[in-house]
Amino acid sequence: MQNYQDFLAEILIDEAAIQARVAELGRKISSEYAPGDLLLICILRGGVPFMVDLSASISIPHMIDFMAVSSYGVGRRESSRAARVTLDLQTDIQGMNVILVEDIVDSGHTISAVLQMLETRQPKTLKVCALLDKPERREAEVPIHYLGFTVPNKYVFGYGLDIDEYYRNLPFIGVADLDRYKPPA
Ligand code: IMP
Numbered sequence: 163m164q165n166y167q168d169f170l171a172e173i174l175i176d177e178a179a180i181q182a183r184v185a186e187l188g189r190k191i192s193s194e195y196a197p198g199d200l201l202l203i204c205i206l207r208g209g210v211p212f213m214v215d216l217s218a219s220i221s222i223p224h225m226i227d228f229m230a231v232s233s234y235g236v237g238r239r240e241s242s243r244a245a246r247v248t249l250d251l252q253t254d255i256q257g258m259n260v261i262l263v264e265d266i267v268d269s270g271h272t273i274s275a276v277l278q279m280l281e282t283r284q285p286k287t288l289k290v291c292a293l294l295d296k297p298e299r300r301e302a303e304v305p306i307h308y309l310g311f312t313v314p315n316k317y318v319f320g321y322g323l324d325i326d327e328y329y330r331n332l333p334f335i336g337v338a339d340l341d342r343y344k345p346p347a
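Just so we're aligned: 206 in the working numbering is position 44 of the sequence shown, and the numbers increase by one with no gaps anywhere.
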């Protein structure tokens with residue numbers, strides 16, 4: 163099992179920059195919603211560190227919930243995707259102000275499918291808060307109402323983002339040099 167230093171190309175966003183930006187997003191969200199009127203939904207597993215820090219930096223009373231989805235292609239070229247819910251919410255979101263918290267919007271298929279599915283449950287409002295946006299890879303248009311950082315078209319890891327399910331715990335966002343990365347045996 164490799165240490166991340168073995169394949170880290172560069173630290174793209176360091177811990178201090180992440181924490182400062184998350185605090186800013188928390189302040190912005192706190193100013194835009196009424197106390198008690200807000201539900202954050204974390205998409206497992208990549209959104210967890212971001213969700214924890216974001217929730218702590220939101221000063222108004224709010225609720226949190228979690229869901230997990232796996233997305234898969236429908237149609238021959240997989241240009242559109244559907245999301246299968248593998249862990250559903252505990253909360254009835256009808257009439258609620260909802261913010262979906264995601265680690266990264268890459269192709270956009272995951273968020274797009276989750277938004278469509280949640281819309282059918284009739285929330286009062288439904289917005290997206292993403293830590294990272296990788297716009298060069300976009301295939302499905304999705305609105306990002308609250309954004310941490312735009313990143314280049316490189317494989318990034320840390321602060322929730324994994325490589326083969328590892329390295330989510332790192333406090334920074336790094337770029338992986340995949341030529342130097344060896345998958346766990
Ligand atoms: P989508 O392509 O926008 O549907 O992204 C789906 C998921 O792929 C994201 O929520 C991440 O968990 C994962 N993902 C996309 N790009 C990266 C990356 O650069 N590093 C780690 N995970 C990624």
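Where a beta carbon is used, it is the ideal one built from N, C-alpha and C, also for glycine.
In this structure, Ala230 and Leu249 form a Cβ contact; the two beta carbons are roughly 4 Å apart against a cut-off of 8 Å. For Lys289, the three-state secondary structure derived from DSSP is strand. Closer than 7 Å to some heavy atom of the ligand IMP: that does not describe the Cβ of Val247.
Residue environment: Asp215 is assigned as buried (16 or more neighbouring CB atoms within 10 Å of its CB, all protein chains considered).
Cα atoms of Ala185 and Leu293: separation of roughly 12 Å, rounded to the nearest angstrom.
Here the alpha carbon of Asp295 sits roughly 10 Å from the alpha carbon of Asn315.
Of the residues assessed, Met213 falls on the buried side of the cut-off, its CB having 16 or more other CB atoms within 10 angstroms.
In this structure Ile273 touches Leu262 by the C-beta definition: roughly 7 Å separates them, less than 8 Å. If you check the CB distance, Leu202 and Ser217 come in under 8 Å. Between the stretch 170-181 and the stretch 332-346 there are three or more inter-stretch CB-CB distances shorter than 8 Å, so the stretches are counted as touching. In the same chain as Asp199, and ignoring 5 residues on each side of it, the C-beta atoms closer than 6 Å to its own belong to Asn259, in chain order.
For the ligand IMP, a non-hydrogen atom lies closer than 7 Å to the CB of Val318. Asp341 sits exposed, since fewer than 16 C-beta atoms from the chains shown fall within 10 Å of its C-beta. In the DSSP secondary-structure assignment, Ile306 is not bridged to any residue. If only complete runs of 4 or more residues are kept, the stretch 200-278 shows the alpha helix (DSSP H) at 210-219, in order along the chain.
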